Structures are given as structure tokens and as C-alpha cells.
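Visitor:
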Amino acid sequence: MRGLAVGRSRYSRIVADSISPAQARRIALAAQGFGRPRPATVGTRQLNDLVRRLGLLQLDSVNVFERSHYLPVFARLGPYDKTLLDALTFERKARYVETWGHVASLVPLETWPLWRWKMRARKAYDLAKPDGWATQNPAMLDWLRAELAATGPISAGRIEHDANKSRGAWWGWSDVKLGLEYLFLWGEVVSAGRRNFERLYALPEQVLPADLLATEVSEHDAQKELMRLGGRAHGIGTLGDIADYYRLKKTPAKLLAQELVDEGELTRVTVPGWKEPAFLHRDARIPRRIDATALLSPFDPVVWERDRALRLFDFHYRIEIYTPEPKRVYGYYTLPLLIADRVVGRIDLKSDRQARTLRVQSAWLEPNAPANVEQCVVPLLHEIRAWQGLDEVAVRDGARGDFSATIAAALST
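Per our numbering, the very first residue in the sequence shown carries number 3; after that it's consecutive.
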């Protein structure tokens, strides 16, 4: 291995063609905003800087502890005012917009044209199915376009139509909701923010700036830019890692990665133990250490791709939301526990808002966990409790996991 350039700062510029697994972990975490001192106060500037570094915030509706998109910010910056993030992401003239980036995600407003090729491809795919809902319901789609032109922005629930009745529980969407979601995937409808996490739908011209709507980016150039952004956000990763950041297919991604290598944006490197070659982004830096204690959302970019989490941290992770309770091993909404540059455990949390208590439902340690982890975890839990506006932290009676009793004992002292 050629050496790493050493500087006086906490970071060093990487000039290596082989990266150790430990170095890869620190590079990846640094690219994701870890290893930096927390700001004294978290305001709009700090939020913008972080979200733009990440490139997106993945959305998810589960709220047993906290909605997912708030958690990556807390993990990196500490306590902050969620209404500030709401103003940036969900208000009428927000700086971010929802799109199907890495599934449903908030992305910087100016990047919206980078997904128009995907929107067009999705529309062609849906309308090519003779028995598909979109093919069978053109009148409903036309009616929704006209309704939004007259009344948008508006939530699905407020649209008055006989077909706006849910068909069953949970995802049993009405035809109105189905139609809006098809139009959203096609880019013919956009999000105009959310109210109580319910999306407001609008025509693009009702929400997006005219110059953004007029911006056309070819499919090649858009995918190449998304590969560049994915490489920067990951710092280091395999072709599959980088392509998955914005859900690009590996075949075109391979050609685009080569172009970025030729242009000096990416460099091919090897990481011992990785089955595939890796790519290093030119902006990647390696901190001498990572000072972090954080609980990660299941949809945090650090762990959302489960094979990458296993490769980087030797951490086997599966979310158990959709697993029947008797078959769950770790818990409904377990959050990976990051200490320094290792994922050393998982904790299932619930915000019991009625009892004003942050409840530890279960807690587990990994075999590589250092001693006395509870000395880091208990202060973190109290910090989370205060951020959630709760009064106490408690371990649920009968909580599963080899770490639950240790946390309970530490809380009692």
C-alpha cells in the first residue's frame, strides 16, 4: 500500500491504492458527516450543510419512536429543533422536494431534473401493462390532473370523489390515492410539502420554479451526476454501493463509473476482505479517529444497504417491522448503535408519549462491543429523551436482549 498523506488537520487526503477495512469504515463515516465536532447550536445553515452532504433523507411513515428522516440529523448533529427541518423540507417554498430517489426521499430542490428520465421510464412501464391500474383508469388520471389544477396543493384525503374510499386496512389505498401516486411517480404531480406527515399533491408548475421545470438533463448525464453524488456521499464503496445510493442499475452504472474514473472523480482501490473492487471519491478524507455515539435509523445511508453494513461493520442487520411479533429476534424498530467507528449493538426504542417516557423495548450487544458501553449509551438515551420532550427513560419490564439489564442498572444509578 502506498502511504496516506499526513497533514496537521484531523483529516488526511488519501493517496492509496489499497485501503484497510478499518480505514474504509472511517472514510465512509466521515463522508456521511461523522467524526466532526458537533456545532454549539444547530440552525438552518447546519441543517442545510448536512442534508446536502448526505444528498437525501429517506422518508418512512413509522413513528413508534421517531420518523426516520429526523434521525440521521440527530445522529450527526445532536439535538435540534425539528420545526427548522420541517420548514426546509415541508413548507411551501422549501429548499427540498420529495422524489423517488433512494425510494421515497427528500432531495435538494435543484436536483429534481436528475430524476425526470426515471419518471418517464416509469410512466412508459406502467402504461405498457394492458391490465395495469393506470392503463385501465385514464379517466381518473385526467380528472385528478384537472382537480389539482383547480384546487392544488391538496392532500389525497381532501379530494372529493366517490372513489376516494380506502379498500381495506393499511395500504388499501383508494383509487384517488392510487392515481395520485402514479402521477407522482411519473413527475406529473409533485409534493407540495406535508401536513401531519400527509403529503400535499400539486402540479409541478404550482410548486417548482419555472427555470427548474425548463431544465432538461439527458439520461446519461443525469445518471452520471447521480453516480458522482452517490460516490461522494459514500466516500468509498463498491459499484453496487454507489449505484444503490440513488437506485441505479449496475449495468449502466459500470460504464458511468469508468467515465468518472477517467475524469479523476473516482479512483479504483482494493479493500482486503471485500469481494469486489472499490471506488474512492476524490473528496474522501480519512479521519484519524471517529468520535461518535449514535443510534442510526434503519434507513440511515450508513446501514440501509444491509450487505454494505455487513461488509463495513461485520453487522448483520434486518429490520423486523414486517416480521410477526413471535418471530422477531431483536425487536420491531431496532436502531444500530454506533460507537466510534464500529456498530456494536442495537436498541429498540419507543416514545411513549402518553406516559412521557422513552422506553427501551430491547437491547443487544455485538460480540465486538467494548467494555462499559452503557457509560456512553445512558447519556445518549437521556439526550434523546430531552429532544423528544419526554420526562424519563425506562427499560420495559421483561425487555429482551443481553444489554437490557445493564442499561436498566445504569439508569437506576
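Note that beta-carbon positions come from the ideal geometry of N, C-alpha and C, so glycine has one too.
Only a predicted model underlies this, so the values are computations on that prediction, with no experimental measurement involved.
Could you tell me if V362 is buried or exposed, where buried requires 16 or more neighbouring beta carbons within 10 angstroms of its beta carbon?
Guide: Position 360 of the sequence shown holds residue 362. So V362 counts as buried.
Visitor: How big is the Cα-Cα spacing for A126 and K120?
Guide: As a first step, residue 126 is located in the sequence shown; it is residue number 124 there, counting from the start. As a first step, residue 120 is located in the sequence shown; it is residue number 118 there, counting from the start. Going by the C-alpha atoms only, they are around 10 Å apart.
Visitor: Rounded to a whole number of angstroms, what is the C-alpha to C-alpha distance between Q260 and A280?
Guide: Walking along the sequence shown from the start, residue 260 turns up at place 258. Walking along the sequence shown from the start, residue 280 turns up at place 278. Computed Cα separation, rounded: 12 Å.
Visitor: Return the chain-ordered list of same chain residues with a C-beta closer than 8 Å to the C-beta of L49, the five sequence neighbours on each side being excluded.
Guide: Here residue 49 is taken as the residue at index 47 of the sequence shown, counted from 1. Around L49: V75, L79, Y82, L86, L87, L90.
Visitor: With L111 as the anchor, note down where its alpha helix (DSSP H) starts and where it stops.
Guide: As a working mapping, residue 111 is identified with position 109 in the sequence shown. No alpha helix (DSSP H) contains L111, which DSSP labels as neither H nor E.
Visitor: Any beta carbon from chain C within less than 8 Å of L52's own beta carbon?
Guide: The structure shown contains no chain C; it holds only a single protein chain.
Visitor: Using the Cα positions of D293 and D343, report the straight-line distance between them to the nearest angstrom.
Guide: Your numbering for residue 293 matches position 291 in the sequence shown. Your numbering for residue 343 matches position 341 in the sequence shown. Answer to the nearest angstrom: the Cα atoms are 8 Å apart.
Visitor: Where does I21 sit, in a helix, a strand or coil, going by DSSP?
Guide: Against the sequence shown, residue 21 aligns to sequence position 19. Of the three classes helix, strand and coil, the one that applies to I21 here is coil, per DSSP.
Visitor: Report the option in R201, L202, S406, A158 whose CA atom is closest to the CA atom of G181.
Guide: Position 179 of the sequence shown, counting from 1, holds the residue named residue 181. Residue A158 is the option with its Cα nearest to G181.
Visitor: For the candidate residues G154, D399, R355, T408, whose alpha-carbon lies nearest to that of G68?
Guide: Here residue 68 is taken as the residue at index 66 of the sequence shown, counted from 1. What sits at residue 68 in the sequence shown is Glu, not Gly. The residue with the shortest Cα to Cα distance from E68 is R355.
Visitor: Helix, strand or coil for F416 per DSSP?
Guide: There is simply no residue 416 to check, as the chain begins at 3 and stops at 415 in what is shown.
Visitor: Give the DSSP-derived three-state secondary structure of Q60 in the structure shown.
Guide: Here residue 60 refers to the residue found at position 58 when the sequence shown is read from its first residue. If DSSP states are grouped into helix, strand and coil, Q60 belongs with the strands.
Visitor: Report all residues from its chain with a CB closer than 6 Å to the CB of A224; omit the five preceding and five following residues, and keep chain order.
Guide: Locating residue 224 in the sequence shown gives position 222, where the first residue counts as 1. These residues qualify, in order along the chain: L116, W119.
Visitor: Looking at the strands, I want to know which residues DSSP matches up with T295.
Guide: Counting from 1 along the sequence shown, the entry for residue 295 is found at position 293. Per DSSP, I341.
Visitor: Closer than 8 Å by C-beta to E93: which residues in its own chain qualify, once you throw out the five before and the five after it? Chain order, please.
Guide: As a first step, residue 93 is located in the sequence shown; it is residue number 91 there, counting from the start. So the list reads G195, once near-sequence residues are dropped.
Visitor: On the DSSP letters alone, give me the boundaries of the alpha helix (DSSP H) that F315 sits inside.
Guide: Reading the sequence shown from its first residue, position 313 is the one you call residue 315. Element bounds for F315: 308-315.
Visitor: Pairing CB atoms from the segment 330-337 with CB atoms from the segment 261-273, are three or more of them under 8 Å?
Guide: No, because fewer than three Cβ pairs between the segment 330-337 and the segment 261-273 fall closer than 8 Å, the two stretches do not touch.
Visitor: Look up P289 in the DSSP assignment and say whether it is helix, strand or coil.
Guide: Within the sequence shown, numbered from 1, the residue matching residue 289 stands at position 287. Of the three classes helix, strand and coil, the one that applies to P289 here is strand, per DSSP.
Visitor: Quick check: what's the CA-CA separation for H163 versus V178?
Guide: Within the sequence shown, the letter at position 161 stands for residue 163. Within the sequence shown, the letter at position 176 stands for residue 178. Roughly 8 Å separates the two Cα atoms.
Visitor: For the alpha helix (DSSP H) that H452 lies in, which residues bound it at each end?
Guide: The question about residue 452 has no answer, for the chain in this structure spans 3 to 415.
Visitor: Could you name the residues of the same chain whose beta carbon sits closer than 7 Å to that of L250, not counting the 5 residues immediately before and after it, in chain order?
Guide: The count along the sequence shown starts at 1 and reaches residue 250 at position 248. Within the same chain, L250 has close Cβ partners Q225, L228, M229.
Visitor: At the level of alpha carbons, what is the spacing between P303 and V44?
Guide: Here residue 303 refers to the residue found at position 301 of the sequence shown. Here residue 44 refers to the residue found at position 42 of the sequence shown. Answer to the nearest angstrom: the Cα atoms are 21 Å apart.
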